[in-house]
Amino acid sequence: MAGGTSVGCDWGGTLTEWKAPDLQPDIAPRIASILRLVLGQRWAASRETLTRALAPLTDREWAAVVHAARIGNVSPLMYWVLRDIEIVPASILESLRTAYYYTARRNIVLFHELGAVLRRFADAGIGVLILKGAALASTIYHNPALRPMDDVDLM
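For the sequence shown, numbering that gives the first Met the number 0 assigns the number 0 to the initial residue and increments by one for each residue that follows.
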C-alpha cells in the first residue's frame with residue numbers, strides 16, 4: 000500500500016504493524032485510538048462515548064479501521080460492538096458482519112471437533128488442558144464467534 004503509514008497499537012492483544020491505506024501520518028494514530036476504544040467497549044466504554052468518537056470518521060478512516068481490524072483478527076468483535084451503533088456506515092457494518100458469521104461457522108466446526116477429541120481423551124483417562132483461542136472464546140468472550148481461530152491448542 001504505497002503512501003500508507005505504519006502504526007503499532009496494543010489493546011490487550013498486540014496488533015502487529017499495519018498500513019493505514021493512503022492516510023496522512025497524523026491520522027494513523029487516531030485509527031489506533033478508535034480501535035482501542037471500540038474493542039474496549041466490549042468491557043467498559045459507554046455507547047455515548049463510542050458514538051461521539053466515531054461520528055467524525057471519514058469513509059477513508061472507516062476503511063482504515065476495518066483494515067486494521069482484519070489484520071488484528073478482531074473484525075468479529077468489532078461487529079459485535081458496533082452492530083447497534085446507528086452512525087456506522089452500512090457497508091462497514093456488512094463487512095464486519097460477514098467476518099463475524101464466517102468466524103461463527105468456522106468455530107462451530109472447530110468446537111464440534113474439539114468435543115469429539117476431548118471425549119476420546121476422557122475415554123482414555125487422559126486429562127487435557129484447552130489453551131489460547133478456544134479457552135478464551137469460552138471464558139473471556141463468552142461467544143465463540145468473537146474469537147477467530149485457525150486451530151485448537153491442547154496440552
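The C-beta atom is built at its ideal place from N, Cα and C for all residues, glycine as well.
Euclidean distance between Cα positions of residue i and residue j
| i | j | result |
| --- | --- | --- |
| residue 36 | residue 49 | 7 Å |
| residue 45 | residue 53 | 12 Å |
| residue 151 | residue 69 | 20 Å |
| residue 98 | residue 58 | 19 Å |
| residue 8 | residue 33 | With a pLDDT of 34 at residue 8, under the threshold of 50, the modelled position of this residue cannot be trusted, and the question is left open. |
| residue 138 | residue 94 | 26 Å |
| residue 119 | residue 88 | 47 Å |
| residue 121 | residue 51 | 51 Å |
| residue 115 | residue 47 | 44 Å |
| residue 96 | residue 147 | 13 Å |
| residue 140 | residue 123 | 30 Å |
For residue j and residue i, believed in contact at Cβ under 8 Å, the rounded distance
| i | j | result |
| --- | --- | --- |
| residue 136 | residue 106 | 7 Å |
| residue 103 | residue 144 | 4 Å |
| residue 73 | residue 38 | 6 Å |
| residue 91 | residue 61 | 5 Å |
Spatially closest choice to residue i from the options, by CA coordinates
| i | options | result |
| --- | --- | --- |
| residue 113 | 94, 133, 98, 101 | 133 |
| residue 29 | 38, 76, 56, 110 | 56 |
| residue 154 | 138, 130, 147, 142 | 130 |
| residue 142 | 124, 75, 125 | 75 |
Identified DSSP bridge partners for residue i
| i | result |
| --- | --- |
| residue 152 | 130 |
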